[in-house]
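Novice:
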Amino acid sequence: MGRLFGTDGARGVAITELTCETAMQIGRAAALVLAKECDHRPKIIIGKDTRISGDVLEAALCAGICSVGADAHILGVVPTPAVAMLVTKYNADAGVMISASHNSVEFNGIKLFAGSGFKLPDEVENEIEELILDKPETMQLCDGTNIGHIYYEKNAVWDYVRHVMKTVDVDYKGIKVCIDCANGSSGVCAQKIFEGLGAKVVMIHDKPDGTNINENCGSTHMESLKKATVENHCDIGLAFDGDADRCLAVDEKGELIDGDKMLAIFSKFMKAEGTLKHNACVVTVMSNLGFFKFAKANGIVTATTKVGDRYVLEEMQKGGYNIGGEQSGHIILLDHANTGDGEMTGAKLLQIMIKTGKKASELAGIMECYPQVLVNVKITADKKGMWDKVPEITDAIKLYEEKLGGEGRILVRESGTEPLVRVMIEGKKTGIITDYAHRIAELIEKM
């Protein structure tokens, strides 16, 4: 049985790969598995981002959910972290988010949340997969008055906005912030949150039309935010991805503040405040060497996981830690949220600026980043899981690692969300690491 779910739900080109039939089956199987202990009619909430395919997949999911006797409660366009929060607030048995996050418009995805508001563990996803791929005939359909109902939750956006605002205990008066919504989910709530807390707000890429999500904007394309932040004399700029579970920032000079730098800022502030549990921060193998040097210099323990916010969260729960994240801007503040929350991350970053009285550039200056080169190599389905079995590739990686010595590192891995092999090299000399990265990428392309 091939896996239906990757590191962040089921994902593929909408309609042709992630089909309506698959979405319907996911709705059925998720309702049956996640609500099997219910002594009531199961209730499942559904959110989506702004992709043109969202309405179609939402309809298919609702059909699947209701066909096995569960109720579907539609939230409309909301960020992914809103689904994670609202599933508990609305006493739902499960939550579904229709989104392909930072991917381009032709893709879509389906992420599942348990009634606790956390993403599903592998064993539960495997159970859902088994029903869909191996035992679809065992999913018993309802008829007559036993089928589920579809409801619309009209207060979902405001319930989430109020939730984020309650985590901030300062007034943003005097702060001017530029916000890039990636023409995605954050467009429905970002301005409400930051203006509601007293900031002056400049909005960009907040006009979704169903086709322009993540298109040269958002956390994967920071150029326009850098320009707008400087031109509008803003104190800071914030960029979210399509479903707003990521946040990257730029300082008042237009310089990037990535996820590693934000983790450094948060960790140091939380340690000073006495709120950093176990004096630790959870990061991934992709985190910059500069973060590890910062942590050591500031007496902060680092726990390292493989790439994926689900693995960061698992380590946080296992170790009792309250902050973790990824360089890409997935920041998990476990005291306030069960998943990465871009708008909450941005809101708390502004809170630190106000409480410390420091500019964004001053805060970001606490950590020096090593130059890092990332080359993405597209692969076909039949080449998945193959690159590390080719001696020519593995020998080259070993050779270049030896040449870098202790002043750099090489990380090659397959993406969990896209048909790519990512080649990342870190070191002090940009020219050398760029050359090594492209040489390895060329070998992978030839396999």
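FYI, in my numbering the residues of the sequence shown are 1 to 447.
Even glycine gets a Cβ: it sits at the ideal position worked out from N, Cα and C.
Using the rule of at least 16 other Cβ atoms within 10 Å of the residue's Cβ for burial, across every protein chain shown, is F225 buried or exposed?
Specialist: One point to set straight first is that residue 225 is Leu, not Phe, in the sequence displayed. Buried: at least 16 other Cβ atoms inside 10 Å.
Novice: Using a threshold of 9 angstroms, state whether the C-beta atoms of Y370 and G408 are closer than that.
Specialist: Contact: yes.
Novice: Going by DSSP in three states, K200 sits in which element: helix, strand or coil?
Specialist: If DSSP states are grouped into helix, strand and coil, K200 belongs with the strands.
Novice: Could you check whether the Cβ of L248 sits closer than 9 angstroms to any Cβ belonging to chain C?
Specialist: Given the protein chain composition of this structure (a single chain), no chain C is represented.
Novice: Check the C-beta distance from Y160 over to V78 and give it rounded, since I have them as a contact under 8 angstroms.
Specialist: 6 angstroms between Cβ atoms; contact.
Novice: Give the secondary structure of G2 by DSSP, where H, G and I count as helix, E and B as strand, and everything else as coil.
Specialist: Residue placement at G2 is flagged as unreliable, the pLDDT there being 48, under the threshold of 50; the coordinate-derived value follows with that caveat. G2 falls in the coil class under three-state DSSP.
Novice: Consider the C-beta atom of K207 and the heavy atoms of the ligand PLP; say whether any pair is separated by less than 8 angstroms.
Specialist: This structure simply doesn't include the ligand PLP, nor any ligand for that matter.
Novice: Grab the span of the alpha helix (DSSP H) containing Q327 for me, first residue to last.
Specialist: Note, Q327: premise wrong, no alpha helix (DSSP H); not H, not E.
Novice: Expressed to the nearest angstrom, what Euclidean distance is found between the alpha-carbon atoms of E449 and Y436?
Specialist: The chain is shown from 1 up to 447; residue 449 falls before or after that span and cannot be answered.
Novice: For D235, is the classification buried or exposed, using 16 other Cβ atoms within 10 angstroms of its Cβ as the cut-off for buried?
Specialist: When all chains shown are included, D235 counts as buried.
Novice: Indicate whether N214 and N103 have their beta-carbon atoms separated by less than 9 angstroms.
Specialist: A contact, by the Cβ cut-off of 9 angstroms.
Novice: Could you tell me the distance, in whole angstroms, from the CA atom of S53 to the CA atom of K111?
Specialist: In a straight line, the C-alpha of S53 is about 15 angstroms away from that of K111.
Novice: Can you name the start and end residues of the beta strand (DSSP E) that N376 belongs to?
Specialist: Here the beta strand (DSSP E) through N376 covers 372-378.
Novice: With a CB to CB cut of under 7 angstroms and the five nearest residues on each side skipped, what residues in its chain are close to K268?
Specialist: Cβ within range, chain order: N298, I366.
Novice: Who are the near neighbours of T84 in its chain, counting only those whose CB is closer than 6 angstroms to its CB and skipping five residues on each side?
Specialist: With the sequence shown as reference, residue 84 is identified as Ala, and Thr is not the correct amino acid for it. F113, G117, N338, T339.
Novice: Look up N108 in the DSSP assignment and say whether it is helix, strand or coil.
Specialist: N108 falls in the strand class under three-state DSSP.
Novice: Between I257, E231, H233, V201, which lies nearest to S219 when the distance is taken from Cα to Cα?
Specialist: Considering only alpha carbons, the answer is I257.
Novice: For the alpha helix (DSSP H) containing V421, list its first residue and its last residue.
Specialist: Segment 420-427 is the beta strand (DSSP E) holding V421; no alpha helix (DSSP H) there.
Novice: Between V177, A182, K135, D209, which has its C-alpha nearest G196's C-alpha?
Specialist: Measuring from the Cα of G196, the nearest candidate turns out to be V177.
Novice: Measuring CA to CA, which of E414, K271, K36, A63 is closest to I147?
Specialist: The candidate whose alpha carbon is nearest that of I147 is A63.
Novice: Taking the continuous alpha helix (DSSP H) assigned at T394, which residues delimit it?
Specialist: Note, T394: alpha helix (DSSP H), 391-404.
Novice: How is R409 classed by DSSP in three states: helix, strand or coil?
Specialist: Reduced to three states, the DSSP call for R409 is strand.
Novice: Which residue comes first and which comes last in the alpha helix (DSSP H) that contains N265?
Specialist: As written in the sequence, residue 265 is Ile, which differs from the Asn given in the question. 259-273 is the extent of the alpha helix (DSSP H) around I265.
Novice: Would you tell me roughly how many angstroms separate the C-alpha atoms of A360 and V250, rounded to the nearest one?
Specialist: One C-alpha to the other measures close to 8 angstroms.
Novice: Quick check: what's the CA-CA separation for G2 versus T211?
Specialist: Reliability fails at G2, whose pLDDT of 48 lies under 50, so the model's placement of it is uncertain and no value is given.
Novice: So F292 packs on L263, CB below 8 angstroms; how close in whole Å?
Specialist: No, F292 and L263 are not in contact; Cβ-Cβ is about 11 angstroms, not under 8 angstroms.
Novice: Can you grab the Cα-Cα spacing for the pair D335 / D39, in whole Å?
Specialist: Rounded to the nearest angstrom, the two C-alpha atoms are 31 angstroms apart.
Novice: Fully enclosed by the region 331-360, which alpha helix (DSSP H) runs are 4 residues long or longer?
Specialist: Segments of the alpha helix (DSSP H) lying fully in the region 331-360: 342-356.
Novice: Near D243, which residues of its chain fall below 7 angstroms by C-beta distance, leaving aside the five closest residues on each side in sequence?
Specialist: D49, P79, T80, M97, S99, S101, G184, S185.
Novice: Use the C-beta contact count for H278: other C-beta atoms within 10 angstroms, 16 or more gives buried, fewer gives exposed.
Specialist: H278 is exposed by the Cβ-count criterion.
Novice: I need the DSSP call for R162, collapsed to helix, strand or coil.
Specialist: Three-state result, R162: helix.
Novice: Rounded C-beta distance between C247 and T345? I'm assuming under 8 angstroms.
Specialist: With 8 angstroms as the limit, C247 and T345 qualify as a contact, their Cβ atoms being about 4 angstroms apart.
Novice: Reducing DSSP to helix, strand and coil, say where I150 ends up.
Specialist: DSSP places I150 in strand when its eight states are reduced to three.
Novice: In angstroms, rounded to a whole number, what distance separates the CA positions of L75 and I45?
Specialist: So the two alpha carbons sit approximately 7 angstroms from each other.
Novice: Could you check where the beta strand (DSSP E) with F240 kicks off and where it finishes?
Specialist: Note, F240: beta strand (DSSP E), 236-240.
Novice: Compute the Euclidean distance between the alpha carbons of E123 and E426, then round it to the nearest angstrom.
Specialist: Approximately 35 angstroms, taken between the alpha carbons.
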